[in-house]
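Here the protein sequences line up with chains D and F, keeping their order. If you read the first sequence in full-length UniProt numbering, its first letter stands for residue 1, the second for the next number, and so on. If you read the second sequence in full-length UniProt numbering, its first letter stands for residue 1, the second for the next number, and so on. I have placed the structure first, in the form of structure tokens, so that the comments after it can refer back to it.
Protein chains: 2
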Amino acid sequence: MPEPTVADVGEDALVSAVLRTLTASGSRDPEPGPRVVVPPGDDAAVVADAGPVVVTTDTLVVGVDFRLDWSSAADVGRKTVVQVLADVEAMGARPTGLVVSLTAPGDLPLSWATGLAAGLGEGAAAAGAAVLGGDVAEGPVTVVTGTGLGVLDGPAPPVTRAGARPGDVVALLPLPGRPLGASAAGLAALSAGVGTLASPEAPADWDAGAREALTTCLAAHRAPVVDHRAGAVARAAGATSMIDVSDGLVRDVLRVAQASGVVVDLDGAALSPGDDLRALATALDPADRDLARRWVLTSGEEHAMLATFPAGALPPGAHVVGACREPAAGEQPGVLVDGADPAPLAGATGGWTHYGRRP
Amino acid sequence: MPEPTVADVGEDALVSAVLRTLTASGSRDPEPGPRVVVPPGDDAAVVADAGPVVVTTDTLVVGVDFRLDWSSAADVGRKTVVQVLADVEAMGARPTGLVVSLTAPGDLPLSWATGLAAGLGEGAAAAGAAVLGGDVAEGPVTVVTGTGLGVLDGPAPPVTRAGARPGDVVALLPLPGRPLGASAAGLAALSAGVGTLASPEAPADWDAGAREALTTCLAAHRAPVVDHRAGAVARAAGATSMIDVSDGLVRDVLRVAQASGVVVDLDGAALSPGDDLRALATALDPADRDLARRWVLTSGEEHAMLATFPAGALPPGAHVVGACREPAAGEQPGVLVDGADPAPLAGATGGWTHYGRRP
Numbered sequence: 001m002p003e004p005t006v007a008d009v010g011e012d013a014l015v016s017a018v019l020r021t022l023t024a025s026g027s028r029d030p031e032p033g034p035r036v037v038v039p040p041g042d043d044a045a046v047v048a049d050a051g052p053v054v055v056t057t058d059t060l061v062v063g064v065d066f067r068l069d070w071s072s073a074a075d076v077g078r079k080t081v082v083q084v085l086a087d088v089e090a091m092g093a094r095p096t097g098l099v100v101s102l103t104a105p106g107d108l109p110l111s112w113a114t115g116l117a118a119g120l121g122e123g124a125a126a127a128g129a130a131v132l133g134g135d136v137a138e139g140p141v142t143v144v145t146g147t148g149l150g151v152l153d154g155p156a157p158p159v160t161r162a163g164a165r166p167g168d169v170v171a172l173l174p175l176p177g178r179p180l181g182a183s184a185a186g187l188a189a190l191s192a193g194v195g196t197l198a199s200p201e202a203p204a205d206w207d208a209g210a211r212e213a214l215t216t217c218l219a220a221h222r223a224p225v226v227d228h229r230a231g232a233v234a235r236a237a238g239a240t241s242m243i244d245v246s247d248g249l250v251r252d253v254l255r256v257a258q259a260s261g262v263v264v265d266l267d268g269a270a271l272s273p274g275d276d277l278r279a280l281a282t283a284l285d286p287a288d289r290d291l292a293r294r295w296v297l298t299s300g301e302e303h304a305m306l307a308t309f310p311a312g313a314l315p316p317g318a319h320v321v322g323a324c325r326e327p328a329a330g331e332q333p334g335v336l337v338d339g340a341d342p343a344p345l346a347g348a349t350g351g352w353t354h355y356g357r358r359p
Numbered sequence: 001m002p003e004p005t006v007a008d009v010g011e012d013a014l015v016s017a018v019l020r021t022l023t024a025s026g027s028r029d030p031e032p033g034p035r036v037v038v039p040p041g042d043d044a045a046v047v048a049d050a051g052p053v054v055v056t057t058d059t060l061v062v063g064v065d066f067r068l069d070w071s072s073a074a075d076v077g078r079k080t081v082v083q084v085l086a087d088v089e090a091m092g093a094r095p096t097g098l099v100v101s102l103t104a105p106g107d108l109p110l111s112w113a114t115g116l117a118a119g120l121g122e123g124a125a126a127a128g129a130a131v132l133g134g135d136v137a138e139g140p141v142t143v144v145t146g147t148g149l150g151v152l153d154g155p156a157p158p159v160t161r162a163g164a165r166p167g168d169v170v171a172l173l174p175l176p177g178r179p180l181g182a183s184a185a186g187l188a189a190l191s192a193g194v195g196t197l198a199s200p201e202a203p204a205d206w207d208a209g210a211r212e213a214l215t216t217c218l219a220a221h222r223a224p225v226v227d228h229r230a231g232a233v234a235r236a237a238g239a240t241s242m243i244d245v246s247d248g249l250v251r252d253v254l255r256v257a258q259a260s261g262v263v264v265d266l267d268g269a270a271l272s273p274g275d276d277l278r279a280l281a282t283a284l285d286p287a288d289r290d291l292a293r294r295w296v297l298t299s300g301e302e303h304a305m306l307a308t309f310p311a312g313a314l315p316p317g318a319h320v321v322g323a324c325r326e327p328a329a330g331e332q333p334g335v336l337v338d339g340a341d342p343a344p345l346a347g348a349t350g351g352w353t354h355y356g357r358r359p
């Protein structure tokens with residue numbers, strides 16, 4: 001018997017199957033409690049929370065943001081959660097939940113839709129958040145839109161991109177086991193046909209270091225993770241600005257620099273790629289000596305928090321990668337690496353952009 | 001010079017143009033105030049509000065939910081706002097804002113994207129709500145996803161679909177100047193080639209009544225409106241259940257009946273179509289004598305509030321259209337019209353459903 005599609009079962013059964021999967025994956029609040037007052041299934045969900053509400057939205061399009069032969073449905077679900085909750089967290093907030101819309105053609109296997117729901121549920125549970133609802137719509141291609149919610153605990157103001165000051169240090173809050181650049185490295189492997197769902201094994205002649213790095217980087221690309229407390233910790237420590245690394249370090253630092261009116265000088269040595277990324281880069285393209293370094297500077301979908309702090313106010317575990325200074329006379333706010341323009345290495349936009357020029 | 005597309009200007013200029021349009025349309029809070037603490041443009045927006053948060057999401061797909069030759073970009077923007085904020089309102093909440101994601105191919109005219117933003121801004125302003133942010137993504141077709149937020153003022157619980165009790169009356173909170181069924185009537189006209197953007201005039205032989213009804217119904221279909229206080233008023237009056245008419249009266253009443261475990265008997269006379277709908281139905285298809293009545297029972301995207309109340313507790317302006325009773329022995333919860341199954345008139349699903357059978 002062929003696998004049932006969403007058109008075979010229809011909208012109501014599709015929604016029921018998704019809600020059952022969310023319940024089973026533990027993220028849905030089956031008994032409305034003090035936090036989720038009304039769970040998914042009504043016109044809207046209701047969440048009770050104490051502070052100002054933080055909201056953000058993000059869209060993933062098949063063939064642009066994910067590929068069905070590179071990522072499982074659950075990977076896409078986890079990625080959706082991390083993308084939107086990392087933006088919530090980058091304001092210094094505690095993530096509380098998300099709603100998700102799935103647009104898909106009628107011939108989408110039902111198991112893909114429930115796999116997506118399972119990934120959403122797992123990702124939300126890992127973040128201490130709940131899947132609060134969603135929508136399904138018929139369309140010619142698969143599009144997943146997530147909207148994340150969070151709450152600002154305590155009286156400190158939200159941390160925007162605009163608060164960095166001359167003299168502040170720039171720090172990454174690293175994700176354990178996920179070196180910065182790993183997502184781009186995983187994408188490079190998949191683009192070279194290495195590690196796809198149909199052909200998951202590394203080439204036979206790769207050494208152990210490259211193999212291990214491949215596993216790490218594929219996981220980083222397919223299903224990024226985020227430390228859902230890092231943003232709130234940075235805010236409590238006095239972060240003056242914050243952003244998550246979603247479109248590439250250089251491009252995201254540029255946004256902070258422009259919003260804050262400062263020049264950020266990044267420290268090339270502090271951003272030196274580790275042995276793992278170097279081993280994978282060498283295995284994929286031994287001729288390209290800058291490949292691993294380029295991954296560090298331009299990798300998107302990393303979702304590590306990048307924040308600025310007054311010198312001496314760093315939270316535990318923060319890794320200093322640069323400093324802010326006043327623009328010199330005639331100089332525009334911007335980003336440098338070791339005092340020089342990173343464009344030759346990172347490309348004109350320094351990362352990912354929709355439409356127009358590609359880095 | 002050809003009109004610029006979104007790919008011509010690129011992502012950053014597209015986002016800037018959209019934010020400028022929102023500011024000009026008056027919905028964006030340019031000076032962060034007590035309500036919008038951080039406006040669009042950062043990782044996420046921040047809203048300060050006093051009560052439990054209500055959240056819901058809805059997706060519109062080109063060719064399924066709107067057509068570029070039938071609706072302007074601003075129409076689609078206004079429709080997006082009304083769809084999501086009506087769901088917020090149907091919990092008894094006060095709408096506060098929304099975020100919107102636009103997926104579109106690179107050849108989308110930039111003016112369509114800014115037209116959408118203008119409609120979003122106007123619709124939000126009319127609802128006392130703010131456009132809090134969004135996302136743009138490249139994809140093969142145009143998809144708009146809106147996520148609405150609201151707040152429950154005061155101590156009364158949210159109004160779900162599950163609270164209707166035997167003995168309650170069922171009432172519509174009508175929208176001034178928008179008879180129930182008008183959206184389906186407008187869609188029927190457009191489907192017959194009447195009133196499209198390219199050919200907006202009614203046929204020469206239509207009488208004045210049909211012409212006037214055409215204008216009303218096209219507006220209802222293209223850019224529905226909602227009374228953004230009606231839901232909160234119904235909650236304050238003691239509504240036991242509530243839903244907005246978004247997929248058709250029979251289908252939406254069925255949801256309430258099933259969630260609440262009651263039988264709803266609708267009153268055919270109270271739902272009798274007015275002269276306006278009858279005139280348009282006669283002009284479009286004089287042979288189909290049930291057409292106007294079918295519009296009333298199955299028209300989606302109406303977004304009028306439908307609520308149940310204990311007898312005697314109706315808010316001003318409410319129009320009683322039926323009553324709830326206990327299911328008889330062996331009877332399932334469901335919906336009847338004048339004691340009979342509405343399926344012969346309204347179709348098996350009684351309204352709109354994605355995938356599978358169509359009414």
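Glycine included, C-beta positions come from ideal geometry on N, C-alpha and C. In this text, all values refer to a predicted model and were calculated from it rather than measured experimentally.
Rounded separation between residue i and residue j - CA only
i                : j                : result
ARG358 (chain F) : VAL88 (chain F)  : Any reading at ARG358 (chain F) needs caution, since the residue's pLDDT is 37, under 50, leaving its predicted position unreliable; the model's value is listed next. Cα to Cα, ARG358 (chain F) sits roughly 27 Å from VAL88 (chain F).
LEU214 (chain D) : CYS324 (chain D) : 34 Å
ALA210 (chain F) : ALA318 (chain F) : 27 Å
ALA162 (chain D) : GLY41 (chain F)  : 10 Å
THR5 (chain D)   : LEU116 (chain D) : 14 Å
GLY186 (chain F) : ALA292 (chain F) : 11 Å
ALA311 (chain D) : ASP244 (chain D) : 20 Å
LEU314 (chain F) : LEU336 (chain F) : 22 Å
ALA126 (chain F) : GLY77 (chain D)  : 35 Å
VAL250 (chain F) : ALA129 (chain F) : 30 Å
TRP206 (chain F) : THR96 (chain D)  : 56 Å
ASP8 (chain D)   : PRO200 (chain F) : 38 Å
SER299 (chain F) : GLY181 (chain F) : 5 Å
Residues that residue i contacts on chain D, provided the C-beta gap is smaller than 7 Å
i                : result
LEU103 (chain F) : For the record, residue 103 (chain F) in the displayed sequence is Thr; it is not Leu. Those are THR59, VAL61, VAL143, listed as they occur along chain D.
VAL37 (chain F)  : PRO52, PRO158
ASP135 (chain F) : THR57, ASP58, THR59
Chain D contact residues for residue i, given Cβ-Cβ distances below 8 Å
i                : result
ASP107 (chain F) : Result: empty, since nearest Cβ-Cβ is about 10 Å, beyond 8 Å.
8 Å contact criterion, which residue i and residue j should meet: CB distance rounded
i                : j                : result
SER183 (chain F) : GLU301 (chain F) : 5 Å
SER241 (chain D) : THR160 (chain D) : 6 Å
SER25 (chain F)  : ALA118 (chain F) : 5 Å
LEU60 (chain F)  : THR80 (chain F)  : 6 Å
VAL55 (chain F)  : LEU149 (chain F) : 6 Å
PRO179 (chain F) : ASP276 (chain F) : 6 Å
LEU132 (chain F) : VAL47 (chain F)  : 7 Å
ALA237 (chain D) : VAL151 (chain D) : With a Cβ gap of about 19 Å, ALA237 (chain D) and VAL151 (chain D) do not count as contacting.
VAL226 (chain D) : ALA113 (chain D) : Not really, about 24 Å apart at Cβ, beyond 8 Å.
Neighbour flag for residue i against chain D, beta carbons, 8 Å
i                : result
LEU152 (chain F) : yes
ASP244 (chain F) : yes
GLU31 (chain F)  : In this prediction, GLU31 (chain F) scores a pLDDT of 40, lower than 50, which makes its location untrustworthy; no coordinate-derived value is stated.
is_contact[residue i, chain F] using C-beta, thresh 8 Å
i                : result
MET91 (chain D)  : yes
VAL53 (chain D)  : yes
ALA204 (chain D) : no
THR23 (chain D)  : no
LEU149 (chain D) : yes
LEU132 (chain D) : yes
Contacts of residue i in chain F (Cβ-Cβ under 8 Å)
i                : result
ARG161 (chain D) : ASP42, ASP43
ASP75 (chain D)  : Per Cβ cutoff of 8 Å: no residues; ASP75 (chain D) is ~18 Å from chain F at best.
7 Å Cβ cut-off: residues of chain F touching residue i
i               : result
VAL88 (chain D) : ALA44
ASP49 (chain D) : VAL53
Beta-carbon neighbours of residue i, restricted to chain D and to distances below 9 Å
i               : result
VAL99 (chain F) : VAL55, THR56, THR57, THR147
is_contact[residue i, chain B] using C-beta, thresh 8 Å
i                : result
LEU175 (chain F) : This model lacks chain B altogether, as its protein chains are D and F.
Count the CB pairs spanning the stretch 139-151 of chain D and the stretch 257-273 of chain D that are closer than 8 Å, and state whether there are at least three.
Judged by Cβ distances under 8 Å, the stretch 139-151 of chain D makes no contact with the stretch 257-273 of chain D, as fewer than three pairs qualify.
| field | Three CB pairs or more closer than 8 Å across the stretch 302-310 of chain F and the stretch 225-234 of chain F | value | Enough Cβ pairs lie closer than 8 Å, so yes.
Legend entry - Segment contact, 8 Å Cβ cut-off, at least three pairs: the stretch 128-141 of chain D with the stretch 101-111 of chain D: With the cut-off at 8 Å, the stretch 128-141 of chain D and the stretch 101-111 of chain D touch.
Checklist entry - Between the stretch 332-343 of chain D and the stretch 185-203 of chain D, do three or more beta carbon pairs fall short of 8 Å? => result Output reads no: the stretch 185-203 of chain D does not touch the stretch 332-343 of chain D.
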